[in-house]
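Peer 1: One line per chain: the protein sequences are Z and D, in this order. Residues in the first sequence are numbered consecutively from 1, following my numbering. Residues in the second sequence are numbered consecutively from 1001, following my numbering. Built from N, CA and C at the ideal position, the CB exists for glycine as well. In this text the structure is predicted, and so the values were computed from the model without any measurement. One structure is given below, represented as structure tokens, and several questions about it will come after.
There are 2 protein chains.
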Amino acid sequence: LALIIMRISVLKLFMQLGGEQISSIGRGICVLLGISLEDTHKEIEHMVRKILNVRVFEDESGKHWSKSVMDKQYEVLCVSQFTLQCILKGNKPDYHMAMPAEQAEPFYNNFLEHLKKAYKPELIKDGKFGAYMQVNIQNDGPVTIELESPAATMDPKQLTKLEKQQQRKEKTRTKAPSESSRERNAPRNKDDPSASSGAEGDVSSEREP
Amino acid sequence: LALIIMRISVLKLFMQLGGEQISSIGRGICVLLGISLEDTHKEIEHMVRKILNVRVFEDESGKHWSKSVMDKQYEVLCVSQFTLQCILKGNKPDYHMAMPAEQAEPFYNNFLEHLKKAYKPELIKDGKFGAYMQVNIQNDGPVTIELESPAATMDPKQLTKLEKQQQRKEKTRTKAPSESSRERNAPRNKDDPSASSGAEGDVSSEREP
């Protein structure tokens, strides 16, 4: 799991520029969540705890980095963001390490459920999974923090990273199932109004390594 | 160097909520830049090339991930963001790995100069270094990509990470100059209107491990 947490004054989600608003929060945090092929449900609990407890707010006396979103009873807005699993091949983003949408969507919903259970359901907001949106983030500070899942921060990180690279190479060479599912999954971005001629063939080909 | 790149419809910087607008761009990318203690000027050129060439835009036919900000002649807005060098100690962000402001500011300005030289100066915008701002990001997609500097992506990454951890431990134990300068540097956030009682003593103590 790759997470980006931003401290927020206001956050609004729209389906398109100047279009329908689908979600919003006031003060709180925005969580961008990138789910990788290797992520397991075990990591969710740890990440939920970090999100709710990381101290990005000041206390009543103005002391920075002393209160969490939960301490302040502020809101959390989550957006699934597979581009956080990007690996650059030259200058081209490659997303084969991202979990395909058909698995990532239930994973993401499970993550949201954990977050609601650990906090208050009414303070957890959400976007529309996989949809093309305009995410209007008023970053307060700015304060932006990257979090890694425990699998990536434990001692054998070195090994894990190397393993990932090797697995990726294998996948690229052998066209493993994950890759073909990734291609099925490609039209995820077909809503993109700018992708007028976004035929599936085009989209899948542009995800080729 | 830790970078976050976001694809932008509109981006506006304000000195405070509802306050004076200090910078803005239309379509383009937002670059949040976290400079670490170990970063050297050598890395700047590589990162500038990546920022300008990473393909986050679609082409005329709507094909995704095929055009860079430079291809499209869009704008770039950079914001220095030391919180990207955060290390969590429990739930508390620790910023001893971030380059202290007195070195980070010339480093950042050099980075901006390289960016302007490699592109067009008039298409590179900036915030106010070290200031407390409201960064209003309209993330288009959303599309958010993390980039690491070459030092962190080369083979000896494993070693580098371990070295960092060890160095950090040393620093914490021995109160190396970098730490004391970090404390001098702490009032960076004193502009924070919420930090009403933000006496220097308070601020430096909250940066203690």
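Enumerate in chain order the residues of its own chain whose CB-to-CB distance from residue 1161 of chain D is below 6 angstroms, with the five nearest sequence positions on each side excluded.
Peer 2: Note that residue 1161 of chain D scores a pLDDT of 47, beneath 50, so its modelled location is shaky and nothing firm can be said.
Peer 1: Out of curiosity, what's the CA-to-CA distance linking residue 1144 of chain D and residue 1034 of chain D?
Peer 2: About 15 angstroms.
Peer 1: In chain order, what residues of the same chain have a beta carbon less than 7 angstroms from the beta carbon of residue 1188 of chain D, not counting five sequence neighbours either side?
Peer 2: Confidence in residue 1188 of chain D is poor, its pLDDT being 45 and thus under 50, which makes the residue's placement unreliable; the coordinate value appears in the next sentence. Excluding residues within five positions, the ones whose Cβ falls inside 7 angstroms are 1101 and 1130.
Peer 1: For residue 1125 of chain D, count neighbouring Cβ atoms within 10 angstroms of its own Cβ and tell me buried if that reaches 16, exposed if not.
Peer 2: So residue 1125 of chain D ends up on the buried side.
Peer 1: Name the residue from Z:62, Z:20 and Z:44 whose alpha carbon lies nearest to the alpha carbon of residue 117 of chain Z.
Peer 2: When each option's Cα is compared against that of residue 117 of chain Z, the closest is Z:44.
Peer 1: Given a limit of 8 angstroms on CB to CB distance, which residues of the segment 47-62 of chain Z reach chain D?
Peer 2: Listed by position along the chain: 50, 53, 54, 55, 56, 58, 61 and 62.
Peer 1: Counting only beta-carbon atoms, is residue 1016 of chain D nearer than 7 angstroms to chain Z?
Peer 2: Judged by the 7 angstroms Cβ criterion, residue 1016 of chain D is not in contact with chain Z.
Peer 1: How is the beta strand (DSSP E) around residue 1134 of chain D delimited, first residue to last?
Peer 2: Start and end: 1133-1148.
Peer 1: Give a yes or no on contact between the segment 89-101 of chain Z and the segment 1055-1069 of chain D, applying the rule of three or more CB pairs nearer than 8 angstroms.
Peer 2: Yes, the segment 89-101 of chain Z touches the segment 1055-1069 of chain D.
Peer 1: Suppose you measure from the CA of residue 32 of chain Z to the CA of residue 128 of chain Z; what does that come to, to the nearest Å?
Peer 2: For residue 32 of chain Z and residue 128 of chain Z, the distance between alpha carbons rounds to 13 angstroms.
Peer 1: Among D:1049, D:1040, D:1061 and D:1055, whose alpha-carbon lies nearest the alpha-carbon of residue 1106 of chain D?
Peer 2: Looking at the Cα atoms, D:1040 is the closest of the given residues.
Peer 1: Note down, in chain order, all residues in the segment 1081-1103 of chain D with a beta-carbon under 8 angstroms from any beta-carbon belonging to chain Z.
Peer 2: Hits within the stretch, in order: 1081, 1083, 1084, 1086, 1088, 1091, 1092 and 1093.
Peer 1: Is residue 1038 of chain D helix, strand or coil by DSSP?
Peer 2: Note: residue 1038 of chain D maps to coil in three-state DSSP.
Peer 1: When you check each C-beta in the segment 18-35 of chain Z against every C-beta of chain D, which residues fall closer than 7 angstroms?
Peer 2: Hits within the stretch, in order: 32.
Peer 1: Which class does residue 57 of chain Z belong to by DSSP, given the choice of helix, strand or coil?
Peer 2: In this structure, residue 57 of chain Z counts as strand in the three-state DSSP scheme.
Peer 1: Using C-beta distances below 7 angstroms, list every residue in its chain close to residue 1133 of chain D, excluding the 5 sequence neighbours before and after it, in chain order.
Peer 2: Hits under 7 angstroms: 1013, 1014, 1015 and 1127.
Peer 1: Starting from residue 70 of chain Z, follow the alpha helix (DSSP H) in both directions and report where the run begins and ends.
Peer 2: Start and end: 69-72.
Peer 1: Quick one, which of D:1021, D:1115 and D:1023 has its alpha-carbon nearest residue 1049 of chain D's?
Peer 2: For residue 1049 of chain D, the nearest C-alpha among the options comes from D:1115.
Peer 1: Would you tell me roughly how many angstroms separate the C-alpha atoms of residue 1138 of chain D and residue 135 of chain Z, rounded to the nearest one?
Peer 2: Each residue's Cα considered, the two are about 6 angstroms apart.
Peer 1: Excluding sequence positions up to five away, which residues of its chain have a Cβ less than 8 angstroms from the Cβ of residue 17 of chain Z?
Peer 2: Contacts found: 134.
Peer 1: Tell me, to the nearest whole angstrom, how far the beta carbon of residue 1030 of chain D is from that of residue 1008 of chain D; I am working on the premise that it is less than 8 angstroms.
Peer 2: Residue 1030 of chain D to residue 1008 of chain D, Cβ: 5 angstroms. Contact.
Peer 1: Whole angstroms is fine: what's the gap from residue 1142 of chain D's alpha carbon to residue 1099 of chain D's?
Peer 2: Roughly 29 angstroms between the two C-alpha positions.
Peer 1: By how many angstroms is the C-alpha of residue 1004 of chain D removed from the C-alpha of residue 1028 of chain D?
Peer 2: Their Cα atoms are separated by approximately 14 angstroms.
Peer 1: Give me the residue from Z:86, Z:149 and Z:76 with the minimum Cα distance to residue 10 of chain Z.
Peer 2: Measuring from the Cα of residue 10 of chain Z, the nearest candidate turns out to be Z:76.
Peer 1: What residues of chain Z sit near residue 1076 of chain D, judged by a beta carbon separation below 9 angstroms?
Peer 2: The premise fails here: residue 1076 of chain D is roughly 15 angstroms from chain Z at the closest Cβ pair, so nothing lies under 9 angstroms.
Peer 1: If you draw a straight line from the C-alpha of residue 55 of chain Z to the C-alpha of residue 1046 of chain D, how long is it?
Peer 2: The straight-line gap from Cα to Cα measures roughly 33 angstroms.
Peer 1: Note down the Cα distance separating residue 1147 of chain D from residue 1002 of chain D, rounded to an integer number of angstroms.
Peer 2: Answer to the nearest angstrom: the Cα atoms are 6 angstroms apart.
Peer 1: May I ask you to list, following chain order, the residues of the segment 1134-1148 of chain D that have a beta carbon less than 8 angstroms from some beta carbon of chain Z?
Peer 2: Per Cβ criterion, the list reads 1134, 1135, 1136, 1137, 1138, 1139, 1140, 1141, 1142, 1143, 1144, 1145, 1146 and 1147.
Peer 1: When DSSP labels each residue in this structure, what does residue 1021 of chain D get in the three-state scheme?
Peer 2: Correct three-state label for residue 1021 of chain D: strand.
Peer 1: Could you work out which residue in D:1057, D:1037 and D:1038 is closest to residue 1140 of chain D when comparing CA atoms only?
Peer 2: The shortest C-alpha separation from residue 1140 of chain D is found at D:1057.
Peer 1: Establish whether the CB of residue 182 of chain Z and some CB of chain D are separated by less than 7 angstroms.
Peer 2: The pLDDT assigned to residue 182 of chain Z is 40, lower than 50, so where the model puts this residue is not dependable, and the model offers no usable value.
Peer 1: Output needed for residue 169 of chain Z: all residues of its chain with C-beta closer than 6 angstroms, excluding positions within five of it in sequence on either side, in chain order.
Peer 2: Note on residue 169 of chain Z: pLDDT 42, under 50, position unreliable in the model; the coordinate value appears next. Closer than 6 angstroms at Cβ, skipping near neighbours: no residue.
Peer 1: Mind pulling the chain D residues with CB within less than 9 angstroms of residue 4 of chain Z?
Peer 2: The contacting residues are 1004, 1144 and 1146.
Peer 1: Which class does residue 1211 of chain D belong to by DSSP, given the choice of helix, strand or coil?
Peer 2: One cannot answer for residue 1211 of chain D here, as it falls past the ends of chain D, which runs 1001 to 1209.
Peer 1: What residues in its chain sit with their C-beta under 7 angstroms from that of residue 23 of chain Z, if we drop five residues either side in the sequence?
Peer 2: Excluding positions up to five away in sequence, the list reads 13, 77, 125, 126 and 127.
Peer 1: Under three-state DSSP, which class holds residue 14 of chain Z?
Peer 2: Residue 14 of chain Z: strand per DSSP, three-state reduction.
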